[in-house]
Structures are given as C-alpha cells and as structure tokens.
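Those sequence lines, one after another, are chains Z and Y.
Going by the working numbering, the first sequence opens with residue 5, and the numbers climb by one from there.
Going by the working numbering, the second sequence opens with residue 5, and the numbers climb by one from there.
All C-beta atoms in this analysis are idealised placements derived from N, C-alpha and C, irrespective of residue type, glycine included.
There are 2 protein chains.
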Amino acid sequence: MGIVRLSISMSLDGYVAGPDQGLEQPLGAGGEKLHEWAVATRTFRALHGGEGGETGVDDERAAAILGGVGATIMGRNMFGPVRGPWAEPAWSGWWGDEPPYRSPVFVLTHHPRAPLTLGRTTFHFVTDGIEAALERARAAAGDADVSIGGGAATARQYLRAGLVDEVELHVAPVLLGAGERLLEDLGDGARDLEAAGIVSSPAAAHVRLARGAA
Amino acid sequence: MGIVRLSISMSLDGYVAGPDQGLEQPLGAGGEKLHEWAVATRTFRALHGGEGGETGVDDERAAAILGGVGATIMGRNMFGPVRGPWAEPAWSGWWGDEPPYRSPVFVLTHHPRAPLTLGRTTFHFVTDGIEAALERARAAAGDADVSIGGGAATARQYLRAGLVDEVELHVAPVLLGAGERLLEDLGDGARDLEAAGIVSSPAAAHVRLARGAA
Numbered sequence: 005m006g007i008v009r010l011s012i013s014m015s016l017d018g019y020v021a022g023p024d025q026g027l028e029q030p031l032g033a034g035g036e037k038l039h040e041w042a043v044a045t046r047t048f049r050a051l052h053g054g055e056g057g058e059t060g061v062d063d064e065r066a067a068a069i070l071g072g073v074g075a076t077i078m079g080r081n082m083f084g085p086v087r088g089p090w091a092e093p094a095w096s097g098w099w100g101d102e103p104p105y106r107s108p109v110f111v112l113t114h115h116p117r118a119p120l121t122l123g124r125t126t127f128h129f130v131t132d133g134i135e136a137a138l139e140r141a142r143a144a145a146g147d148a149d150v151s152i153g154g155g156a157a158t159a160r161q162y163l164r165a166g167l168v169d170e171v172e173l174h175v176a177p178v179l180l181g182a183g184e185r186l187l188e189d190l191g192d193g194a195r196d197l198e199a200a201g202i203v204s205s206p207a208a209a210h211v212r213l214a215r216g217a218a
Numbered sequence: 005m006g007i008v009r010l011s012i013s014m015s016l017d018g019y020v021a022g023p024d025q026g027l028e029q030p031l032g033a034g035g036e037k038l039h040e041w042a043v044a045t046r047t048f049r050a051l052h053g054g055e056g057g058e059t060g061v062d063d064e065r066a067a068a069i070l071g072g073v074g075a076t077i078m079g080r081n082m083f084g085p086v087r088g089p090w091a092e093p094a095w096s097g098w099w100g101d102e103p104p105y106r107s108p109v110f111v112l113t114h115h116p117r118a119p120l121t122l123g124r125t126t127f128h129f130v131t132d133g134i135e136a137a138l139e140r141a142r143a144a145a146g147d148a149d150v151s152i153g154g155g156a157a158t159a160r161q162y163l164r165a166g167l168v169d170e171v172e173l174h175v176a177p178v179l180l181g182a183g184e185r186l187l188e189d190l191g192d193g194a195r196d197l198e199a200a201g202i203v204s205s206p207a208a209a210h211v212r213l214a215r216g217a218a
C-alpha cells in the first residue's frame, strides 16, 4: 500500500493562498507568486502541453508531486471557486480538457454529482467525509500513493486527523501578508512529522517532513 | 553607512519562539529545536569557547549573522526573562562573562539602567523607543551594519516600521504548533522586501529577503 502525501506551496509567512480568493483569482491576491518556482519547470510545462522550462532541483520536486501518485483528494474550493457555478454540471474544474492529474481525483463536497471524466482524469464527488474519501482513494491508488491536492482547509483536515504520512512544503521567498494559512490548529495530528530533507533553489526551499522519519 | 539586518530562526509553521517562554525555558517549549542548525556549527562553537563543529552552508550562514555587524538592537525579553529579575542590576543577560556580540548592544526597555560591560560587549539600555535606539546603534556601528537581534516583538516592530533592509530567515524543518510568530501584522513595512537568495542544508533553509532586491 502506498502512503498519503501532501505537497503544497507556501509563502515564507505561511500562506498557501492569498486573500480574496474567487473566480477571478482562484489563488487569491498574490497567490500566483507561490507557484512561480513550479510554473518555470520543464515538468509543469510538459504537463500543460508546453515545451522547454527549467531543469534542476525545482523540476525534480515538481516531478515528484505527481510521480507515484495513484489518486488525488481535493476540497471543493480547489475544484471550483468558492462563490461561483462550480456545483453546476457546467463547471468542469480549472484545468481545461486535459487536467494534469491523469488518475482518479476525489472531490470533497456536500453536493452529490455524477463522476466527470476529462481527458485521462476522472473526478469523483464524495459527500461522506474525509475518511470515506481516503478509503476510496486508497482503493483506486492500489500500491501507488494518495496525494492530498489541497486546498488549505482540506490539507489541514487531513493533517489534523493524523492521516498524512509525508508533507512537502515548497516555501516561496515571498511575503503575502494575508491569506489562508496551512500550518495552524493542527492539534496532535502533525506531532510525529519529522524532518526528512531540504533542498532549495533561489526560487523555493523544498522542505520535507515524514511520519517517524528520524 | 551600513544596512539594518535581521537574522532569525523560525519553525516551518512560522514561530520564532515556542510557547511558555520564561526563566526556565527562554526560547519557549521546543524553541531549542529552532537553533539546532546553528548550535552544530563551528562558528557557534568557537563563539562560545568550544571547538569542532560542522562547516558548510549552515556554518557560512552562522558566520554571516555577526559578520560585518557593528551594533545590535534587542528587546528586553531577549536580554532577560519576561518574568524575572532582569531589571535588577544583578541580571546580566543569558550569555555569561563573554557574550557573543563583541560590539555595542542596545536593549529596548522602559527601565533606565547604566550601561553594562561584559567581556568585549557593552549593553546600553534605551528608553526612548525603536527609532532612538536605531539612531544610537547606527552611530555606534559607523560603516558596519546594525543587527536587529530579536526577539520576535522587537523584530516585528522594526519590520512594521519599514526600518529593516535585509532579512534572513533560518527555517528549521520542525512544527512547534504554538508560540510567537514573526511574520504577521507587518502592514506595509515589509512590502518591498523581495527574494534575495536561498541556500539550504538538511538542517535549515536559509531564505533571504532584501529591500528592492529584484
């Protein structure tokens, strides 16, 4: 059985999204700065149908995000805007016809909806909570890993419940000043996550924690 | 004229001290984990009269903390425990007979006190605010830099006032879960601090920001 992993970009002041998230700016004000390190990589460009891009440490970490992942779990705010048409059958995510996941995605929501297949990715809508979603994702992933795709609230729920085996924070050297924090109110759920390696480029520090790593 | 620098160790979840700081645990619960990267270095050991220690990235960043510094400013909580005998003439800091600063230190306080010289360091007690302390520190430093030595509240005041030219965060791969945050409520004071470099070891990510670096 694979592990449960969380990989997420965070500002130096701890925000994983800027303030005022919505349809116009899904990452919040300034939130795109968190992802500059990734967008510049060859892996990211290839995933989105582009060419070129940087290789090196950032590219290796970008490749690791989806490498070995057999299923992804995300919150409804990551699938669609907080205020918007996301629950309508018309809303089909942010990613166009070929989402980068290319394995089953389980979307946590209170609104039942039939599965949605786009390219090589099928989105399943799960209405019975984080543990049920994890069970389905594990079954879908088989021996591969389950990735907690975000956003912050969903990631925090899994961390708080002690269900995440490995965390990689991609710390961008920017101060957002406001937004949504990831690493707070985790209770004991994150207590046994220990240092498991750091690599960096001028664009990001990639800090890994793992359960009982030391 | 030199610049004003802040160099401080921070947990991955943004705390620069653990909870429950006091005479018994000046860094708060778990706070010593923030400084493990530094304590292991040759520079730190040499400063505290020891031998050996690690060289490499962490040692270079440890050496940079005091290198080129002509004066240091610190808050009263960094000079002495929040609840304790610090204001008494008997309290002479945490550092013993030879504090590591070896240049003038200006301690922000509401309690006037005569200067205190220990080894090569003289502590001056400044009662008229952060700008007056900076003016005196600049005069003492001459062409060298002024270092904001901490703790969190003092560092935050200088950041908020837009008086810090360069910040280096030493991000330790640990989650403290609670304590004192540095990077919050900074208003516009930190707005023009931009990425100026990242280096890392498995023990810490050293992230630098500088005024108008880009």
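Asked	Found
contact_flag[the stretch 190–197 of chain Z, the stretch 161–177 of chain Z] where n(CB pairs < 8 Å) is 3 or more	yes
Chain Z contact for Y:E188 (CB, 8 Å cutoff)	yes
Of the residues Z:T59, Z:H115, Z:V8, the one placed nearest Z:G84, counting alpha carbons only	Z:H115
Unbroken alpha helix (DSSP H) run spanning Z:L186, endpoints	No alpha helix (DSSP H) holds Z:L186; DSSP gives it neither H nor E.
Burial state of Y:A66, where buried means 16 or more other Cβ atoms lie within 10 Å	buried
Segment contact, 8 Å Cβ cut-off, at least three pairs: the stretch 174–192 of chain Z with the stretch 173–189 of chain Y	yes
Short Cβ contact (8 Å threshold) for Z:A159 with Z:L51	no
Chain-ordered neighbours of Y:G18 on chain Z, where CB pairs are closer than 9 Å	L16, D17, G18, R185, L187, E188
Cβ contact (3+ pairs, closer than 8 Å) linking the stretch 140–151 of chain Y and the stretch 70–81 of chain Y	yes
Proximity to Z:R185 [Cα-Cα], best of Z:T131, Z:S13, Z:V8, Z:G18	Z:G18
Same chain only: Cβ atoms within 6 Å of Y:F127, ignoring 5 sequence neighbours per side	V109, V111, L120
Three-state secondary structure assigned by DSSP to Y:V43	helix
Separation of Z:V175 from Z:S13, as counted between CA atoms	6 Å
Within 8 Å, strictly: CB atoms of Z:E1 and Z:G123	Here chain Z comprises residues numbered 5 to 218, so residue 1 of chain Z is not present and cannot be evaluated.
Contact belief for Y:D24 with Y:A208 at Cβ below 8 Å, rounded distance in angstroms	Not a contact, Cβ separation roughly 24 Å.
For Z:V130 and Z:A136, the rounded distance between their alpha carbons	8 Å
Spatially closest choice to Y:A156 from Y:I202, Y:E40, Y:L31, by CA coordinates	Y:L31
Burial state of Z:G56, where buried means 16 or more other Cβ atoms lie within 10 Å	exposed
Minimum length 3: unbroken beta strand (DSSP E) runs contained in the stretch 127–202 of chain Y	149–154, 170–176
Z:R160 CB to nearest heavy atom of the ligand ADP below 7 Å	Of the ligands one can find in the structure shown there are none, so the ligand ADP has no counterpart to examine.
Short Cβ contact (8 Å threshold) for Z:L16 with Z:P206	no
Span of the beta strand (DSSP E) around Z:I12	8–15
Rounded straight-line distance, which links the Cα of Z:W95 to that of Y:V171	43 Å
Integer Cβ distance of Z:I7 from Z:I77, believed to fall under 8 Å	That pair is no contact at about 13 Å.
Where the stretch 167–182 of chain Z meets chain B: residues whose CB sits under 7 Å from a CB there	Going by chain labels, chain B is absent from the structure shown, which instead holds the protein chains Z and Y.
C-alpha distance - Z:V236 paired with Y:H39, whole-angstrom precision	Absent from the structure is residue 236 of chain Z, since the part of chain Z shown begins at 5 and ends at 218.
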